[in-house]
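Colleague:
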Amino acid sequence: MRLRRLSLSTVTAITIAAMLVLSMIIAYTTFFSIMKQLTEIELRTLPADVAQAYRDIQDGVMPSVESFRKLMLIVPEFEKTVDAQMNVAFIGHILLAAFICGAIGYWLARRIARPLEKLVVAAETLREGDFAVGLGNFRGGTSEVQRLGKTIDALATDLDHMEKRLRFNTMAVAHELRTPLTILQGNLQGMIDGVFPIRQQGLEDLLMQVQGLSRLVEDLRMLSLAAGHKLITQRSATDLAAEARTVIAAARPMLEEAGMRVETGFGAAPANVDPERLRQAMLALVHNACRYAAAGGELRCETGLDRDGNAFVRFLDRGPGLLEEVRSISFDVFWRGETSRSRATGGTGLGLSIVEAIAKAHGGRLEAGNRQDGGATMAIVVPPQPQ
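Sequential numbering from 111 applies to the sequence shown in the working numbering.
(1) Taking Cβ positions, are D95 and P157 nearer each other than 7 Å?
(2) R371 lies in the beta strand (DSSP E); which residues open and close that run?
(3) According to DSSP, is E254 helix, strand or coil?
(4) Closest by CA to T487, which one among R237, E314, E477, A208?
(5) Between which two residues does the beta strand (DSSP E) holding V423 run?
(6) Kindly indicate which three-state DSSP category L409 falls into: helix, strand or coil?
(7) Can you give the Cα-Cα distance for N197 and S143, rounded to whole angstroms?
(8) Measure the CB-CB distance between T374 and C411 and report whether it falls below 7 Å.
(9) Please state if the CB of M272 and the CB of I464 are separated by a distance shorter than 7 Å.
(10) Please report the straight-line C-alpha distance between P290 and L432, rounded to a whole angstrom.
(11) Please work out which residues of its chain come closer than 7 Å, Cβ to Cβ, to L218, disregarding the five sequence neighbours upstream and downstream, and give them in chain order.
(12) Buried or exposed: where does R428 fall if 16 or more other Cβ atoms within 10 Å of its Cβ makes it buried?
(13) Going by DSSP, which residues form a beta bridge with I167?
(14) Looking at C-alpha atoms only, which residue of Q321, A381, M392, G312 is the closest neighbour of S346?
(15) Alpha carbon to alpha carbon, how far is L323 from K470?
(16) Inspect the beta-carbon positions of L409 and V357 and report whether they are closer than 7 Å.
(17) In the DSSP assignment, find the beta strand (DSSP E) that holds I490 and state where it starts and stops.
(18) For L258, which residues of its own chain have a beta-carbon under 7 Å away from its beta-carbon, when the five flanking residues on both sides are left out?
(19) Only counting the same chain, and skipping five residues up and downstream in sequence, which positions put a Cβ closer than 7 Å to that of A405?
(20) Out of curiosity, what's the CA-to-CA distance linking I262 and L245?
(21) Report the partner residues of S346 according to the DSSP bridge assignment.
(22) Which stretch, first to last residue, makes up the beta strand (DSSP E) that contains E477?
(23) Got a sec, what are the start and stop residues for the alpha helix (DSSP H) M364 sits in?
(24) Compare the Cα-Cα distances from A467 to each of S253, Q162, D329, A378 and report the closest residue.
(25) Out of I136, L265, L335, G239, point me to the one whose CA is closest to L206's CA.
(26) Going by the beta-carbon positions, is the gap between A368 and L350 smaller than 7 Å?
(27) Would you tell me roughly how many angstroms separate the C-alpha atoms of L130 and R179, rounded to the nearest one?
(28) With burial defined as no fewer than 16 other Cβ atoms inside 10 Å of the residue's Cβ, what is the status of P186: buried or exposed?
(29) Please go through the same chain and pick out, in chain order, the residues whose beta-carbon is closer than 7 Å to the beta-carbon of Q344, but skip the five residues on each side of it.
(30) Can you look up L415 in the DSSP assignment and give me helix, strand or coil?
(31) Whole-angstrom Cβ separation of L415 and P494, contact assumed at under 8 Å?
(32) Leaving out the 5 sequence neighbours to the left and right, which residues in its chain are closer than 8 Å to L236 when beta-carbon positions are compared?
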């Protein structure tokens, strides 16, 4: 039986019970063994006829009267001597039993504690900022220790991912802020020094940079709300088809400017969602299609219920689609489809990550894939409205 298959309480109970049983067995066998041995030793010191009389009585045979009389005279002193020696021997064997039980208990305790020492070292390593704790093949200890080891290993992996993401996001924020701030600083300093004339077009360009910074700050605020589970505040019974119609109607000018023709296939899709956040997510997907799939000239919007009964709103375009190597990272913060990370198409790079955050806040998900006949597909899937 392996320790890792048992709980700590079970191992403790088994250990205590085993120690008690072992102690009783040692005490019981020791008592009768010592008593028999000491009796034989003392009998050798007695006269032969007295010793024989004692053995006859033990065997149920009546000794001679004279032998019995001599035995009765010796018995009190004989028993006193045997009892004294037996007490000393019994105490010695009890100490031996305690030592044996203690040794077994120490061995079991070490088997339980040794994996915990590894976990302590791993926790101290985590505290020092080193997430390579190496507990992937952790073995040993009870079932609770096994679960703790797996939890610490998973925690180390999550912390490592979080640290990498934090470093990337910090660098990305710095990158996103550097260009508009440099433009603002250079133009304002030029205007102050009289190098650049103060013109209407120049001020509009600066305002556009400020608006870009405002969008970035607002997008970051939304991601912060999502991380704190405060993004969705007002749910109501909503038909995703009705919300999709509203978004398509509001996005008509943007779609016409991008040269995209719109097709719709609205089916009933009742769900308990925050309509405002859902429209925001759908508008972000439309904007994403206009930015990256305008060359295809077509966008289709569908709503309905999937085979699992979940409500969905799906956008399908005829653009270049998603490359396999970027499909897994397209929802990452600050990811852009352009390899150059250029601002020529606008945006902060937070669009899809915000859409995914909104979907997850509703208990749903954002699905991305490619169409068999060309183009990409993006779908927001949320649980259906409770009956």
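Note that the Cβ used here is the ideal one computed from N, Cα and C, for glycine as well.
Modeller: From the atom records:
(1) Within the shown structure, residues of the chain are numbered from 111 to 497, placing residue 95 beyond reach of any answer.
(2) 371-376
(3) helix
(4) E477
(5) 421-427
(6) strand
(7) 13 Å
(8) yes
(9) no
(10) 29 Å
(11) T125
(12) buried
(13) Answer is none; I167 lacks a bridge partner.
(14) A381
(15) 26 Å
(16) no
(17) 486-492
(18) L229
(19) G429
(20) 8 Å
(21) V383
(22) 475-480
(23) 362-367
(24) D329
(25) I136
(26) no
(27) 45 Å
(28) exposed
(29) D384
(30) strand
(31) 7 Å
(32) V243, I262, L265, A266, L269
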